[in-house]
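Presented below is the structure to which this report refers.
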Amino acid sequence: MVVLGRVYKLKKQGIEHCYIGSTYSPHLCIRMCHHRQAHRRGEKDYKGLFAGGDPEIEVLEIVELDDKEDASRLRAAEEKWYQQTEHCINLRRCHVSKEEKKIQRDKAIKKYHDSPLGKVAKRKSALNQRLKKNNNLIINDEITKQIKGELKFLTDLQHVLRYDNDDVGVKPYASSYKVS
């Protein structure tokens, strides 16, 4: 079943800002209703586009899709228009390629692993692997106790790093915690 997707622009005379969006809805007024509701609730800042009434909605492109599962083509068209338009108030990218997603994910993982919380998580992972190996080999019970004690300490440290613990007086990601 063919579905028509539309890329649209919200604009208002006298305001330089605009919004680029896309929808599958057969009636643009339904999508406008969603924008109006988000504005009324204060969920989104439309930079004055809704001041004194609804903004004008202009269809920029109509994209024929095989079905709604074919959303990436509509998002790619929206991204193309977003890149070409000045003064857009969109906060997020419309479409990110698989390669860009992978790069962003890898950066986020590296950033986490380099943070104090990530270092604690990596140390806990190594200890859990060692504990698992020791349990399979039935090695020294004293070593197992030591590993479990360190794991408990690291779990408590994670809690302190995640939340502002006023009782202890430690702020999240305190630089005084160095974990190797």
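Residues in the sequence shown are numbered consecutively from 2, following the numbering used here.
From the three backbone atoms N, C-alpha and C, an ideal C-beta is built for every residue, glycine too.
Residue span of the beta strand (DSSP E) that contains residue i, given as start and end
i, result
"residue 104", "Element bounds for residue 104: not the beta strand (DSSP E) but the alpha helix (DSSP H), 99-115."
"residue 83", "Here residue 83 belongs to no beta strand (DSSP E); instead the alpha helix (DSSP H) covers 72-85."
"residue 205", "Summary: the structure shown does not reach residue 205, with the chain confined to residues 2 through 181, and so no result is reported for it."
"residue 94", "No beta strand (DSSP E) contains residue 94, which DSSP labels as neither H nor E."
"residue 5", "4-12"
Pick from the options that is closest to residue i, judged by C-alpha positions
i, options, result
"residue 39", "28, 29 and 51", "51"
"residue 117", "24, 162 and 57", "162"
"residue 69", "22, 26, 18 and 159", "26"
"residue 54", "150, 7, 13 and 112", "13"
"residue 56", "32, 78, 132 and 111", "32"
"residue 159", "113, 136 and 103", "113"
"residue 71", "129, 148, 2 and 41", "2"
"residue 240", "110, 28, 17 and 149", "In the structure displayed, the chain extends from 2 to 181; residue 240 sits before or after that span and is not available."
"residue 23", "115, 36, 106 and 129", "36"
"residue 17", "41, 104, 84 and 49", "49"
For residue j and residue i, believed in contact at Cβ under 8 Å, the rounded distance
i, j, result
"residue 20", "residue 90", "5 Å"
"residue 82", "residue 61", "5 Å"
"residue 58", "residue 11", "6 Å"
"residue 8", "residue 87", "Incorrect: roughly 16 Å between the Cβ atoms, too far for contact."
"residue 1", "residue 95", "Not covered by the structure: residue 1. The range shown for the chain is 2 to 181."
"residue 144", "residue 135", "6 Å"
Endpoints, alpha helix (DSSP H) assigned at residue i
i, result
"residue 21", "Not the alpha helix (DSSP H): residue 21 falls in the beta strand (DSSP E), residues 20-24."
"residue 40", "29-42"
Given 8 Å, three or more beta-carbon pairs between the segment 147-158 and the segment 114-131:
Result yes; three or more Cβ-Cβ pairs closer than 8 Å.
Are the segment 42-62 and the segment 96-104 touching by the rule of at least three beta carbon pairs closer than 8 Å?
Not touching, per the Cβ criterion.
Ordered list of beta strand (DSSP E) runs contained in the segment 127-153, each at least 3 residues
Runs of the beta strand (DSSP E) spanning 3 or more residues and lying entirely within the segment 127-153 do not occur at all.
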